[in-house]
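Down below is the structure, laid out as structure tokens.
Numbering (this note's numbering), first residue to last: -13 to 54.
Structure follows, in structure tokens:
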């Protein structure tokens, strides 16, 4: 999975779902926040341990999955 260095999978973290940098923040959560109208800035404010690139990469990962 080239180009997704911030997306991690670990069976001990969130049941192995796609997470951001090994944290208990799933790609699905990021997508849900964006789908409900939150901006990257608002997400970072709500989850200060995230970085803008985390949000962007979650979106790119979802796009990649949709193409598969």
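For each residue, glycine too, the CB sits at the ideal point set by N, CA and C.
- Buried/exposed call for residue -8, threshold 16 Cβ in 10 Å: buried
- Task: Below 8 angstroms on the Cβ atoms is my guess for residue 36 versus residue 6; work out the distance and round it to an integer in Å.
- Result: 7 angstroms
- Item | Closest by C-alpha distance to residue 33, when choosing among 50, 47, 49, 10 | For the set 50, 47, 49, 10, the Cα lying nearest the Cα of residue 33 is the one of 10.
- Query: residue 12 by DSSP, collapsed to three states: which one?
  - Reply: strand
- Mark residue 51 as exposed unless 16 or more other C-beta atoms lie within 10 angstroms of its C-beta, in which case mark it buried. exposed
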